[in-house]
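See structure below.
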Amino acid sequence: MRRVVWQVLAALIVIGVFSWLIGNAQANLGARNVASGFGFLQREAGLPIAEHLIPYTPADSYLRALVVGMLNTLWVAFWGIVLATILGTVIGVARLSKNWLLAKLMSAYVEFFRDLPLLLQLFLWYALLQGLPPVRQAIHPIAGVYLSNRGLSFPVLDWQTAHSWTLLAFILGLIATVISAKRATRKSLDDGRQRATWPTAVLLMAVMPATVVITLGAPFALDMPSPRSFNIRGGVTVSPEFFALLFGLVIYNAAFIAEIVRSGIQSVSHGQIEASRALGLKSSNTLKWIVFPQALRVIVPPLTSQYLNLAKQSSLAVAIGYQDIVSIATTAMNQNGQAVELVAIIMGVYLTISLSISALMNHYNARIALVER
Amino acid sequence: MSTNGHRPRNIFNAVACAATLVASVAIAQPRPASAPVAAAAPSVASPTLNAIKARGQLICGVGGDRPGFGFPDARGVMRGFDADVCRSIAAAIFGNPDKVRFVSLTSLTRFPSLQSGEVDIVARFTTWTLTREAQLGLEVPAIHFYDGQGFLVKKKDGIKSAHDLGGASVCFQPGSTGEVNAADFFRANKLEMKPVVIEKMEQMRDAIVSGRCDAYTNDTAQLASFKASIGSAGNDYQVLPEIISKEPLGAFIRKGDQRFFDIVRWTHAAMLNAEEFGMTAANIDKFRNNSNPAIQRFMGETGDLGAALGLDAQWAVNVVKGVGNYAEIYERSIAPLGLPRGLNRLLKDGGIQYAAPMR
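Order-wise, the sequence lines are chains A and B. All residue numbers for the first sequence refer to the numbering used here, where the first residue is 1 and numbers rise by one. All residue numbers for the second sequence refer to the numbering used here, where the first residue is 374 and numbers rise by one.
Written out as structure tokens, the structure reads:
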């Protein structure tokens with residue numbers, strides 16, 4: 001009972017302090033004739049944004065501009081996490097390789113990129129990308145691909161409704177493949193017979209979507225990029241700003257992830273590996289079935305924290321001209337001066353991203369945790 | 374555009390900045406809703422002026438990162454046009470132009486710093502706009518510099534007009550009125566534009582030189598500053614004829630302090646009048662016995678202009694002695710950038726800097 005009273009008291013104090021701060025801030029902002037509130041979100045933003053995943057023009061509202069910024073943050077953070085995980089895992093495993101040269105090279109990689117400030121690395125990558133030739137002398141290795149200081153341009157499929165159905169078929173096939181692979185594993189555990197899963201996978205993920213393509217007669221037309229007077233038009237262009245940011249985030253965070261993976265693998269008792277060899281498992285299967293499942297329990301908690309870092313580090317984007325949520329919100333702040341509201345929005349966005357990553361990873365962690373009987 | 378400058382490097386700076394604002398606003402006691410306003414009485418209360426006098430110095434927010442406007446010299450002393458605007462106000466108040474403490478502000482921190490009372494005045498090449506005056510609780514007593522936004526391109530690209538820039542990549546610094554002006558210009562002319570928005574001036578310089586963008590847009594004074602900063606390579610660039618905006622740049626103060634407003638406004642007028650009279654820092658003392666009644670009033674020999682502002686009778690003399698007349702400030706800071714004085718000439722010389730009479 002006494003504990004409850006203290007808890008309630010503590011909560012009341014916190015709420016009291018916050019409401020006093022907020023109330024007083026509002027009174028003072030009012031007294032100083034500073035407009036406040038979120039009404040500005042509906043007004044025309046007028047600011048230009050180079051990269052947008054949803055349609056956007058300067059005539060759109062601040063709200064839409066901020067959503068564009070948030071999507072840009074999520075976009076770079078998503079690819080950053082995926083690619084840094086792949087690169088980091090490869091490097092972490094390679095660092096433990098018996099090949100002396102490979103192991104030392106990977107150690108050098110980790111030490112080098114982990115010790116240099118990320119901002120410096122971003123400037124370096126961006127400066128290197130600016131060293132590429134101008135549009136008129138773009139590198140043109142194969143038809144439709146142009147590399148210049150305006151970015152990498154390549155052709156994309158001229159998207160039709162039929163392509164959407166094909167994509168849907170592929171996703172369904174992927175889900176079905178995962179389910180059937182799980183079932184196969186369970187059966188293997190029952191009778192000890194190994195089953196090949198690839199024929200089902202090919203059927204579901206290749207043959208099924210191919211059938212959809214042929215039935216619907218989806219045209220295969222490419223949107224080809226071509227140089228115009230100033231920039232390259234058509235196709236898809238990955239901007240140097242996005243690429244420098246992504247590259248920087250991946251290279252930097254992969255060094256940390258490699259260390260997390262290495263320490264996780266080394267935490268698995270050597271006896272486990274010897275035992276699996278004694279059972280006659282191949283070394284790839286030892287890694288897959290014995291080492292990784294145990295290592296993951298050590299890897300996932302620090303990896304979660306690394307993912308959070310990566311998402312937050314994407315806010316360095318403004319330094320090299322990628323328009324993320326921070327970049328767009330601070331520009332808006334300059335136009336309408338509503339710093340308190342806009343910083344609250346930035347904080348809300350990062351809090352949501354971080355809590356979502358955290359929740360997903362905790363859910364995953366709970367699933368792979370050792371179940372004690 | 375004035376306004377571009379360093380933006381917070383990341384979320385944490387932004388948060389720290391907002392936290393400072395909230396904390397300082399929250400801690401300060403709310404001002405009485407109706408501050409006492411005595412009409413034109415010499416004893417009118419000025420919280421800003423009182424604080425400056427009690428402290429013994431003016432706290433002035435400048436950019437601190439742009440040569441010609443606000444940039445520390447080799448000994449760490451803030452130099453440039455903006456710095457001199459602040460020195461002139463210190464000279465008017467204290468009779469000493471050096472009683473100023475300079476605070477470097479970014480485009481994000483400048484308004485919160487002023488609103489929360491961390492600085493007395495922001496002289497940071499900031500554009501006078503309706504929103505800023507009507508919504509931010511700030512006001513602009515005087516236009517210290519008239520500018521407009523233009524485009525800089527490489528001569529060898531053969532671009533003759535901003536209307537030829539359809540589809541071009543355009544570089545600008547974020548957080549500025551210039552960003553929106555450029556978007557407006559391209560929209561109004563139904564031209565496409567690919568924005569390249571870079572915060573740091575060094576990265577921006579590399580981007581322009583390497584050809585990452587086809588044009589760089591900013592206030593013409595900033596374009597001149599860019600050309601000067603890359604030495605002889607600056608000759609490879611030209612400014613296109615179109616000026617796409619009006620950029621009246623002034624010093625910002627908190628709204629509602631009428632006495633301090635008057636001091637900032639009339640200090641500017643004093644520098645313009647001094648130029649009109651031919652007074653300079655070197656020759657001002659020779660005007661003491663001049664029989665022109667306007668000059669007699671200016672020198673504080675007759676009338677009570679100083680007392681009307683709550684200042685010393687010699688205040689205007691102190692301004693001219695401390696920093697010189699308007700032309701001297703201009704010659705010292707902006708002329709080395711190779712920028713013609715243009716609109717900032719006195720009205721009698723064909724410009725629009727117009728000295729209101731001091732009487």
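Idealized CB from N, CA, C, for every residue including glycine. The model shown is predicted, which means the values in this text are computed figures rather than measured ones.
Pair within 8 Å by beta-carbon distance, residue i and residue j
{"i": "A:S358", "j": "A:L308", "result": "yes"}
{"i": "B:L503", "j": "B:L596", "result": "no"}
{"i": "B:I657", "j": "B:K694", "result": "yes"}
{"i": "A:G69", "j": "A:I320", "result": "no"}
{"i": "A:Y126", "j": "A:P301", "result": "no"}
{"i": "B:S419", "j": "B:R632", "result": "yes"}
{"i": "A:N253", "j": "A:G88", "result": "yes"}
{"i": "B:F498", "j": "B:G436", "result": "yes"}
{"i": "B:E649", "j": "B:A708", "result": "no"}
{"i": "A:A332", "j": "A:A77", "result": "no"}
{"i": "B:F467", "j": "B:G453", "result": "no"}
{"i": "B:S598", "j": "B:P440", "result": "yes"}
{"i": "A:M106", "j": "A:I86", "result": "no"}
{"i": "A:H163", "j": "A:L157", "result": "yes"}
{"i": "B:Y589", "j": "B:C544", "result": "yes"}
{"i": "A:L53", "j": "A:W75", "result": "yes"}
Rounded C-alpha distance that separates residue i from residue j
{"i": "A:L223", "j": "B:S706", "result": "Reading off the sequence, residue 223 of chain A comes out as Asp, not Leu. Roughly 53 Å separates the two Cα atoms."}
{"i": "A:W159", "j": "A:A221", "result": "8 Å"}
{"i": "B:A464", "j": "B:D455", "result": "14 Å"}
{"i": "B:M672", "j": "B:N646", "result": "11 Å"}
{"i": "B:Q771", "j": "A:L83", "result": "What is shown of chain B runs 374 to 732, which leaves residue 771 of chain B out entirely."}
{"i": "B:A408", "j": "A:N149", "result": "No answer about B:A408 holds up, because its pLDDT of 41 lies below 50 and its placement is not dependable."}
{"i": "B:L710", "j": "B:E572", "result": "22 Å"}
{"i": "A:F123", "j": "B:Q576", "result": "8 Å"}
{"i": "B:K426", "j": "B:W688", "result": "15 Å"}
{"i": "A:I49", "j": "B:M566", "result": "10 Å"}
{"i": "B:E674", "j": "B:R661", "result": "8 Å"}
{"i": "B:P405", "j": "A:A27", "result": "At B:P405, the pLDDT of 44 sits below 50, so the modelled position is not reliable; the number obtained from the coordinates is stated separately. The alpha-carbon atoms of B:P405 and A:A27 are separated by roughly 11 Å."}
{"i": "B:Q522", "j": "B:S618", "result": "5 Å"}
{"i": "A:L63", "j": "A:L41", "result": "5 Å"}
{"i": "B:P621", "j": "B:G676", "result": "32 Å"}
{"i": "A:V202", "j": "A:P209", "result": "10 Å"}
{"i": "A:F18", "j": "B:S461", "result": "42 Å"}
{"i": "B:D557", "j": "B:V569", "result": "16 Å"}
{"i": "A:Q335", "j": "A:A59", "result": "15 Å"}
{"i": "A:I15", "j": "A:V34", "result": "25 Å"}
{"i": "A:V135", "j": "A:I260", "result": "41 Å"}
{"i": "A:V5", "j": "A:G23", "result": "26 Å"}
{"i": "B:K472", "j": "B:L431", "result": "6 Å"}
{"i": "A:V236", "j": "A:F230", "result": "16 Å"}
Beta-bridge pairing of residue i - partner residues as DSSP gives them
{"i": "B:V569", "result": "B:C544"}
{"i": "B:C433", "result": "B:F475, B:I494"}
{"i": "B:I516", "result": "B:G623"}
{"i": "B:L719", "result": "B:Q726"}
{"i": "A:I139", "result": "A:L147"}
{"i": "A:E44", "result": "A:S61"}
{"i": "B:N591", "result": "B:G523"}
{"i": "A:I232", "result": "A:P227"}
{"i": "B:P445", "result": "B:M451"}
{"i": "B:K611", "result": "It is worth fixing the name first, because residue 611 of chain B is Gln in this sequence and not Lys. DSSP lists B:V526 as partners of B:Q611."}
{"i": "B:L362", "result": "Here chain B covers residues 374 to 732 and nothing more, so residue 362 of chain B does not appear."}
Any non-hydrogen atom of the ligand FMN within 7 Å of residue i CB
{"i": "B:M451", "result": "Annotation note on the ligand FMN: not contained in the displayed structure, which lists no ligands."}
When you check each C-beta in the region 321-333 of chain A against every C-beta of chain B, which residues fall closer than 8 Å? G321, Q323, V326, S327, A329, T330, T331, M333
At a Cβ cut of 8 Å, what residues of the region 229-250 of chain A count as close to chain B, listed as they run along the chain? S229, F230, N231, R233, P240, E241
What residues in the region 434-447 of chain B have a beta carbon less than 7 Å from any beta carbon of chain A? none
Only counting runs of 4 or more residues, tell me where the alpha helix (DSSP H) segments fall wholly within the region 627-678 of chain B, in order along the chain. 631-650, 666-671
Please identify, using Cβ separations under 8 Å, the residues of the region 493-504 of chain B that lie next to chain A, in order along the chain. T504
Contacting positions in the region 149-171 of chain A - beta carbon closer than 7 Å to chain B: N149, R150
For the region 307-319 of chain A, which residues have a CB atom closer than 7 Å to at least one CB atom of chain B, in sequence order? K312, S315, L316, V318, A319
When Cβ atoms are compared, which residues of the region 36-50 of chain A fall closer than 8 Å to chain B? G46, L47, P48, I49, A50
Which parts of the region 109-194 of chain A are runs of the beta strand (DSSP E), unbroken and 3 residues or longer, counting only runs that do not cross its ends? 146-148, 151-154
Beta carbons nearer than 7 Å to chain B: which residues of the region 65-87 of chain A have them? none
Can you list, in chain order, the residues of the region 249-266 of chain A whose Cβ is nearer than 9 Å to any Cβ on chain B? none
Selection of the region 113-133 of chain A by Cβ proximity to chain B, strictly under 8 Å: L119, F123, Y126, A127, Q130, G131
Chain B contacts from the region 197-228 of chain A (Cβ-Cβ distance under 7 Å): R228
What residues in the region 576-601 of chain B have a beta carbon less than 7 Å from any beta carbon of chain A? Q576, D579, A580, S583, G584, R585, D587
With 7 Å as the C-beta to C-beta threshold (strictly closer), list the residues of the region 336-370 of chain A near chain B in chain order. N336, G337, A339, V340, V343, I346, M347, Y350
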